[in-house]
Every structure is written in C-alpha cells, then in structure tokens.
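Protein chains in written order, with my numbering: chain V, 950 to 1400; chain S, 950 to 1400.
Spelled out as structure tokens, the structure:
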C-alpha cells in the first residue's frame, strides 16, 4: 500500500495517474468507519466471503445478489444466524446485479460468480464508482484485460483480484525472507495449480463434490460452469495461485515485468477416463472431448532475467501441491518436500533441511498481528487476509495492495498460454498492462503498516 | 536388446538397416569369450571405468591412452594393484588415440575425454571398426549428431553413450512400474541436472574439487575444460542424466519421438559470485563473463503427446537432485520428496506416501540379479550396469541397449536449447535422427534376458 504522500509523489514523478479515485475523495472515511459492501454472487465461494464479512464490525453487508434460489436461501440462513440485519436481496436473473450497483450507499462490491461474468461485472461496478473485488481470473481474453485496465484508470476505481495465496502463511514467510535477502538475488521461481479437481468438475448435481459424472446444466456449483472450460480451452486455466506470490516476490509491475511466455500442453486423458470409470462407457458425457491437456507447463521470462515455471495439473489423481520453488544466489525453498537450503546457514552443506523452523522464524508481521483473527477462516486463514486487505483499502480509500495491473497480468496467462499452445508451443510477448508505469511503481505489498 | 531373429525381422520389416555390424560377423564371439578393450582417456572418469573393467574376468584392457602423465601414472598404479597385465600405454598428445585404433586386436573402446573430443574420437573409432562407448554428451552440434548417426549406419559399428542414470536403482524400479502399467498411460515427465558444480568448475589446480577459483589451464581435472562451456554457452549443458531414463520410459526412438523443444535461461550470477567470494574481486577470473544462465528450463513435446520438463541448475548452492517426476493417468512419482501416489492403491486419497516400499516391490530384475556385483561401483552401482551392458553387447555382437540414436537424440538437447535461448526462447522442431525408423523400432531396453 502507498501512503497519500507517496501516492502523490509517485503520481507526479511518473506523470501518469495511478488507478485511484480522484484525490479529493481520498480519506473521505475514517479508518474505523463502517464500509458498506454488496456481494455479487453468493454461491459457495461468495458465502465464504459473506461469512468473513458478517464477523467484522467495520463492514455492513447491504446487498446480496445471486441467480439461484438455493444459494440465496443458504446465504440468508447465514445472515440470520449472524444476528446482523438482512441486506437487500436481489434474485433477478443474471443482470440483477446492476440494480445493486445503482445503490449509492454501496462503497464496494465483491464478485464471486462464474469466470465468464467477471469482466462485465467488474466493468459495471467500476463504472458505477464502486471499489471492486473479484474472485480469481479477471479477464478471459487479452482484450478483456485491457478493458479492465482502461476502465479502472478512467473511473479511478481500484480493482482487486482476491488472490488469497499471496497471504498463505508459508508463502508470506518466504516473501519476508526474500525481502531480508535470505535467498540473495532471485534467479528462478516455480508455482502452479496441481490439484485433482475431478470431483469439482463432476458431481451428482446435488452435492458440490463428486458422487457423479455430471457437469453443465445437470451439475451443481462449480461443475455447472467451470468444467466447460476444460471442454473448450487448452490453456493454463488457473494460473493466479501460483503466479500471484511469485509476481509479488519478483516485483512484477513494480520495477520488473513479464517479457515473454511459452506453454506446452500434454495429451488429455484424465477427465474422459474419470467419466468412463465412474459413469460407464455409455454415459453421454463419455462422448465429450476435453480440449484441456492434463498437464500444462508454462515458462515465463522477466525483464530482470528471472525465469518462472508454472504448472497446471487438475485432471489426474495426485496429491494437492502448488509446487512453489523460490531460488536465489544464496539458496532455495521448495514446498513439495517442505525443505530449504541456505548456503552457510543450513547445518549441512548440500543437504535439504526442514523448512518449518525458517518459516516460523520469518513469520510475516501481518500473520503475527492477525493470526488469531484469521484462524478458522477459509483456506488456512489466508481468506481472512485477502478480504481484510480489500476492506481496509476501501476504508482508507487507497489503492488495493493487489491492483488492477496485477489482476490482469496474472489472469492474462490463461489466454496467452492458450494461444501459445494453439500455435504449437510458440513463444509470445507478454503485454505490459502498466504501459510503462512498472518502471516507477514501488513494491509496497504487505510491507510495514500495510494490510 | 534384440535377439538375432528379431534383429533380422526388424531389419527386413523396415527395409532399413539398423546400426549393427554386418550379419556375417554376428555371434563371432561366444558369450563367455574375453572382450579386448582400449580406454581413450583415463582421467578420473576413465579411471572409474578402468577399475570396473579390471574386476571383470571377461574383459582384457589391452590399451590405455591419455594426454597427461599424472592421470597415466594413477592408471598404471591401479593396473599394477589389480595384478592384471600392463596394457599398451599411449601418452602421445591429443591424437595418440589413433595409434590405439590401428590395433586390430581391440574389439571396443571406451572414451572418457573432454566433451569437445567426443565426436571426432567416436567417428575415428567407428571408422576403425571398433564398438564404441563414450561418456555423456556425444555431439556438441546438430551437425556432429548427424555425423555420428551416418558413420554408425555406414560402418555398422554401434555407438553407446554411457548414460548411467538409466540404470539407477530407483529409476529402473519406476521404469518397471511404468511397464507394468502402475502409472497408467504416461502424461508428463520431468528430470534434469540440479547439482551445485561450483567446486567441480573451480579448484586450486591440484585437487579435483574446490579449494580455489581456477579453471582452464590453471585448473585440474574437469575444471580444465568443462568450465569453459559455462563461459561460452547458454544452454542445457548436461541433459542426458534427466532425459535418458525419461526417453526410455516414453519409448523415444521406439514408437515415439521428440517433436519440439523450447528453452528459457535465467540470469547468470552463481559462478561470478563464487569467484568473488572465494578469490576476491581482484582475482583475474572475477572479470570473466559467464554466458550460462544459472537455471535453464527446457520443455519438450513428444509425438505421442507427452510433455517433458528438463532443468539444468549447476551454478547455485543447492542440494543435489535430478528432479525426476513420472506422471500418468493412475498416479505420480517424484524423487525430490521421495514420494508416490497411485490412485486406489495408495492408502489415503490425495496423500503422498513414501516411495520406498514401491521401489522395493518393483525392484528391476537386472538389479535383483546383479546388485551384489554392482555394490561398490561408482554412483551407487549404476556405473557397473552401464559398463556391463556395453561389454555384454560387444561379447554378443548385438546392438547396444542405448544406441547411436539415443546418444545423439539426448545430446542434441544442448545445441537445440542453446539456439532456442539465443532466439529469445523460440520453439524449435526436434530432428528425427532415426529418419523414420522410430515408427518400427521396439523398446527392448532392460527387458527380460537383456542387460
């Protein structure tokens, strides 16, 4: 986060406005004032956010909106149990959210809807003058990414993609180590999304996870919409959990940018096999051809000459792993073997040591400050932090710590990887969504006094 | 290995001669006859081979050749201690090996010299009618690779690159599992060479490892020649340990081929930093610019649509790891966390389990048969196997289990990755060194009755 003084300095230094509301509106709210939030989409993911917001004294949930009665009922139950006031409830088809945006009393919205709705909802929200948070994947095409940037710049409304892994406790500890030069100069980083999603992509239409091989209209929750991406697109469909933390560690859009990218995709077997095994060869879905390769590998090069490797692996039986690796001139951390090696500090030369003592020692100040509050929140506590960062940004009327440039830079990996694969593994230039502002922007993410 | 009948069948089936000596010479030696071998290069690596050969009753070392008195003295001591007859000793400059090749009593040669000598020595040896084994990296350019193929095909003399990791015990167990369909259909594989070589690339000119920051003329052993590759070439300089086993598991040159490749290289810091730290900023080598990026990442796609990831990482402080990963439709093995997961067979869903019990259960028949002999040989016993495979091939006058097509296909990754990096991460077509024979060749590597 940037302070007002730094913000003004940065703005005048560069001669280019940052994405931020006009300065007259800055600090219009006191830090302890209540933020009024509307939720667009209260499916299972939106309900996680709803739960977190209902626990906060500094937030009033003033409106919720969805397209499904079942999800709305679940959300209303949750609100009743919380003892908070029932917000405006909008169940009025896919564009019902636009009614919410007309409400002048809403400061901010959180969007948790199927991916294909993210861009239009973000655009509408920013155009309505709302601080906008959106679940991961903002911009399904490069053109959509540019639209989001241009709209945020024009309206001055921040867009924050809710990439929670930037706040994972071990990841933040490692970022802390990076900043304290434990790894020396960074050389190579890895991350990805290696998660057997077969029981997310298919279910019985009743339960959210597994129990059947249905998707689309006959599926429930994510299987209703997410699986279609595996049918239609061969790409790294979900790069942000891996790239978010890596981008923050390597100062992407803040003194560094991605310059080019290449993706390779393997054969596609896992989803079809799953259908045949669990639904039989005669199940209609056994005829579906899935374009998504089972393992998609992406290499990215940075302006400052670091290399980054991303892996997307969601169709095969495998243990969950985001596959992080952070490697510099002094040493290396990997999460798959929970190990670290730092030259001259690790006890034995050439030997891995358990990373936990290091992660404890370098526990990030934000985690030290808020661990008690975060405990019990989704995904090991990191959901608390990402929602908190958005709420605190709205309260202070500052830019969000992950901003529109991050949102689209990380999301753009999907369409870029798709094009690369489609062209037989061709290498593509990476767009500079900051249009040169990366040369002057500073990395304040999760630094002292921020959130 | 192929039997004579299979060999003839394969040859007539394809209409193209395999690399093999003319059939009139087949089986000219009985299986228990003694093979006469000459060693070209008896530096530290050649001395490993010498030691293994001196222990064998079926081998007579009839000549040794080197360019350094010190290495020759060490080798002669070793021979004296073995009680075997002193072979012809050739210490006559870099082309002294050609005298050895004139000796009609030599059946085979083993070449263990600096990389830049491999091609010419292999060509000369095959042209002299010798079975030829060569240490890893055969062919520094694509043109050299083709020369080796054409010469082997024209002379009928096999060329075996001594890629020992194909015989690593855990790797062979995993290959055994691949063949027994434990992993299902293979989807994605990884390997590489992740080995902190700073004390190999630099020494004090006396000891082979470390103790100084000298290389080239002032260095000793590998530092005399190998380090210059880090100065001059930005490439995956050492791909064969990773790709050899992966190629055998995916039937490369035997029903499958590599189709294209892309490499990215990181900034280069590790070697310069090492010199400054250990030799001071004023050491003359502190002025050397190393072209080799610290981490080089290469993606390869196969005709049968598997993806392969290779990593080359030799300049930074890090624990040794070849980084193997074998992943199929049923599960995944990784060596960095010594873990495996096989759907329906691993005890807990979505959880890694220790791989050792699986590696023991699927211990390869070759290891079961020869573990006692291999124990004590270099690199955990695998050196025994690779030398044994060569000796047994010479005895039987069959093709070698790793043959000229493997040697150049695996080695070609270096020049291809160099070109890709030079062109900014461009994607390149992979040459088919078999000229179509891959469509008909069968994978007999380490199958029953072979070696």
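A virtual CB, placed ideally from N, CA and C, is assigned to each residue, including glycine.
Length of the line joining the Cα atoms of residue i and residue j
| i | j | result |
| --- | --- | --- |
| residue 1022 (chain S) | residue 1144 (chain S) | 30 Å |
| residue 1193 (chain V) | residue 1113 (chain V) | 9 Å |
| residue 1319 (chain S) | residue 1341 (chain S) | 14 Å |
| residue 1232 (chain V) | residue 1225 (chain V) | 7 Å |
| residue 975 (chain S) | residue 982 (chain S) | Its pLDDT being 39, under 50, residue 975 (chain S) is placed unreliably by the model, and nothing is read from it. |
| residue 951 (chain S) | residue 1220 (chain S) | Bear in mind that a pLDDT of 40 at residue 951 (chain S), under 50, signals an unreliable position, so the number given afterwards is only what the model happens to contain. Approximately 45 Å between the Cα atoms of the pair. |
| residue 993 (chain V) | residue 1191 (chain V) | 22 Å |
| residue 1096 (chain V) | residue 1010 (chain V) | 28 Å |
| residue 1083 (chain S) | residue 1117 (chain V) | 49 Å |
| residue 1269 (chain S) | residue 1389 (chain S) | 37 Å |
| residue 1062 (chain S) | residue 1360 (chain S) | 16 Å |
| residue 1070 (chain S) | residue 1080 (chain S) | 12 Å |
| residue 1237 (chain S) | residue 1180 (chain S) | 7 Å |
| residue 1283 (chain V) | residue 1304 (chain V) | 9 Å |
| residue 972 (chain S) | residue 989 (chain S) | With a pLDDT of 33 at residue 972 (chain S), under the threshold of 50, the predicted position of this residue should be treated as unreliable, and no value is reported. |
Exposed unless 16 or more other CB atoms sit within 10 angstroms - verdict on residue i
| i | result |
| --- | --- |
| residue 1414 (chain V) | What is shown of chain V runs 950 to 1400, which leaves residue 1414 (chain V) out entirely. |
| residue 1178 (chain V) | buried |
| residue 1103 (chain V) | exposed |
| residue 1198 (chain V) | buried |
| residue 1150 (chain V) | buried |
| residue 1343 (chain S) | buried |
| residue 1020 (chain V) | buried |
| residue 1155 (chain S) | exposed |
| residue 1384 (chain V) | exposed |
| residue 987 (chain S) | buried |
| residue 1351 (chain S) | buried |
Residues near residue i by beta carbon distance below 7 Å, same chain, minus five either side
| i | result |
| --- | --- |
| residue 1277 (chain V) | 1132, 1133, 1134, 1135 and 1136 |
| residue 1077 (chain S) | 1050 |
| residue 1121 (chain S) | 1313, 1315, 1316 and 1395 |
| residue 1101 (chain S) | 968, 1075, 1107, 1108 and 1353 |
| residue 1432 (chain V) | Examination of residue 1432 (chain V) is not possible in this model, given that chain V is present from 950 through 1400 alone. |
| residue 1093 (chain V) | 1068 |
| residue 1001 (chain S) | 1326, 1332, 1333 and 1336 |
| residue 997 (chain V) | 1327 and 1332 |
| residue 1279 (chain V) | 1131, 1132, 1133, 1291 and 1292 |
For residue i, the three-state DSSP class (helix, strand or coil)
| i | result |
| --- | --- |
| residue 1348 (chain V) | coil |
| residue 1176 (chain V) | helix |
| residue 1384 (chain V) | coil |
| residue 1263 (chain V) | coil |
| residue 1304 (chain S) | coil |
| residue 1080 (chain V) | strand |
| residue 1015 (chain V) | strand |
| residue 1209 (chain V) | strand |
| residue 1290 (chain V) | strand |
| residue 1247 (chain V) | strand |
| residue 1023 (chain V) | helix |
| residue 1035 (chain S) | coil |
Under 9 Å between C-beta atoms of residue i and residue j
| i | j | result |
| --- | --- | --- |
| residue 985 (chain S) | residue 1055 (chain S) | yes |
| residue 1016 (chain V) | residue 1036 (chain V) | no |
| residue 1146 (chain V) | residue 1263 (chain V) | yes |
| residue 1327 (chain V) | residue 1316 (chain V) | no |
| residue 1033 (chain S) | residue 1003 (chain S) | yes |
| residue 1012 (chain V) | residue 1038 (chain V) | yes |
| residue 1362 (chain V) | residue 1183 (chain V) | no |
| residue 1139 (chain V) | residue 1311 (chain V) | no |
| residue 1250 (chain S) | residue 1209 (chain S) | yes |
| residue 1085 (chain S) | residue 1110 (chain S) | yes |
| residue 1188 (chain V) | residue 1223 (chain V) | no |
Cβ neighbours of residue i in the same chain (closer than 6 Å, five flanking residues each side left out)
| i | result |
| --- | --- |
| residue 1301 (chain S) | 1288 and 1290 |
| residue 1253 (chain S) | 1205 |
| residue 1246 (chain S) | 1213 and 1260 |
| residue 1295 (chain V) | 1302 |
| residue 1215 (chain V) | 1242, 1243 and 1244 |
Any non-hydrogen atom of the ligand NAP within 8 Å of residue i CB
| i | result |
| --- | --- |
| residue 1204 (chain S) | In terms of ligand content, the structure shown is empty, and the ligand NAP therefore cannot be addressed. |
Beta-carbon neighbours of residue i, restricted to chain C and to distances below 8 Å
| i | result |
| --- | --- |
| residue 1292 (chain V) | You won't find chain C in this structure, because its protein chains are V and S. |
Close-in-space but distant-in-sequence residues of the same chain around residue i (CB under 8 Å, 5 per side omitted)
| i | result |
| --- | --- |
| residue 1374 (chain S) | 1211, 1212 and 1213 |
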